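**Student:** Mind looking over this structure? Questions follow.
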Amino acid sequence: MSSLAFAPPHLDDSDDEEVLIQFDDTAFEPSIPSEEDFEDQVREAQEQLAQLRQREEQLERQKRELEELHQRKAVFTENRDVLHEELTRAIAALNRESEECQRRADDCLNTREALDHYLRTVDSLRPDMWSRNQLKEELGKAQGRIDEAEEELRSASPLLASIRGGKSKIASAKRNASASNDETGQGFLYWFKSGLAFTLPVMIFLAVFGLIFLVFGGS
């Protein structure tokens, strides 16, 4: 049997008596875990390792998700900037086109009013309504108006060409030459010949009718 060590409360070095100290033999025996305890420890360690692996996988997923989000953000930012530039250019182009269309609309309106004015002017020129005394003066004035109308139509040709998508073929109403400032020249001769051609048959008819009337009326 083992016994506990005993020591007196006071020891005197001069005392020659032997001191006997006894120890418990089981107090220094190594603690060897049982098989069940060892398996429990192994199982616990494996569970902790599995948890660490799960945590590692979770962190890796979060890292990949974060990287993917950063990539998506970068792509989104780039696409947004590109779209911003395209929208800005498109709006600027539309603004320019709108201003150009407005300018062309104004030009078309002004040109239409001018051409409409000259159309009414040209339609009002009736050489057959002029008397012989007015023919020279009226032909000179009429030729001047014709020249003005042709000039206006010529100046409108670029606008008309752009509207039609090609060159505008303007039918010129200009005669052999424009009338001179002194109301003489080829322009006057042209209109005089034209007027004479219009009135000559009537004059011949009236002369013949008068002659017949004189011959048969006198009898």
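In this text, residue positions in the sequence shown follow our numbering: the first is 390, and each later residue adds one.
Ideal Cβ placement from N, Cα and C applies to all residues, glycine included.
If you're wondering where the values come from, they're calculated on a predicted model, not measured in any experiment.
Within its chain, find whatever has a CB closer than 7 Å to the CB of residue 496; leave out the 5 residues flanking it on each side and keep chain order.
**Tutor:** Within the same chain, residue 496 has close Cβ partners 548.
**Student:** Taking all protein chains shown into account, decide if residue 531 is buried (16 or more other Cβ within 10 angstroms of its Cβ) or exposed.
**Tutor:** Buried, since its Cβ has 16 or more Cβ neighbours within 10 Å.
**Student:** Can you list, in chain order, the residues of its chain whose CB lies under 8 Å from that of residue 428, leaving out five sequence neighbours each side?
**Tutor:** Cβ within range, chain order: n/a, list empty.
**Student:** If you draw a straight line from the C-alpha of residue 543 to the C-alpha of residue 511, how long is it?
**Tutor:** In a straight line, the C-alpha of residue 543 is about 16 Å away from that of residue 511.
**Student:** Are the Cβ atoms of residue 535 and residue 504 separated by less than 9 Å?
**Tutor:** Result no, Cβ atoms of residue 535 and residue 504 do not sit closer than 9 Å.
**Student:** With a threshold of 8 Å, establish whether the CB of residue 466 neighbours any heavy atom of the ligand GTP.
**Tutor:** The ligand GTP is not part of the structure shown, which contains no ligands of any sort.
**Student:** Please classify residue 514: does DSSP put it in a helix, a strand, or coil?
**Tutor:** Coil.
**Student:** What are the start and end residues of the alpha helix (DSSP H) that includes residue 546?
**Tutor:** Segment 546-553, the alpha helix (DSSP H) holding residue 546.
**Student:** Please state whether the Cβ-Cβ distance between residue 475 and residue 507 is less than 9 Å.
**Tutor:** Their beta carbons are not under 9 Å apart, which means residue 475 does not touch residue 507 by this criterion.
**Student:** Buried or exposed: residue 439, going by 16 or more other Cβ atoms within 10 Å of its Cβ?
**Tutor:** Exposed, because fewer than 16 other Cβ atoms sit within 10 Å of the Cβ of residue 439.
**Student:** Against chain C, with Cβ distances strictly below 9 Å, would residue 502 count as a contact?
**Tutor:** Among the chains of the structure shown, chain C does not appear; only one protein chain is present.
**Student:** My output table needs one value for residue 487: the three-state DSSP class, helix, strand or coil.
**Tutor:** Helix.
**Student:** Pull up the distance between the alpha-carbon of residue 425 and that of residue 437, whole angstroms please.
**Tutor:** Approximately 18 Å, taken between the alpha carbons.
**Student:** Excluding the 5 residues preceding and the 5 following residue 454 in the sequence, name in chain order all residues of the same chain whose CB lies nearer than 6 Å to its CB.
**Tutor:** Closer than 6 Å at Cβ, skipping near neighbours: no residue.
**Student:** Can you give the beta carbon distance from residue 545 to residue 500, rounded, assuming they're within the 8 Å contact cut?
**Tutor:** Residue 545 to residue 500, Cβ: 5 Å. Contact.
**Student:** For residue 528, is the classification buried or exposed, using 16 other Cβ atoms within 10 angstroms of its Cβ as the cut-off for buried?
**Tutor:** It counts as buried.
**Student:** With DSSP as the reference, label residue 566 as helix, strand or coil.
**Tutor:** Low confidence applies to residue 566: its pLDDT is 41, below 50, so where it sits in the model is not reliable enough to give any reading.
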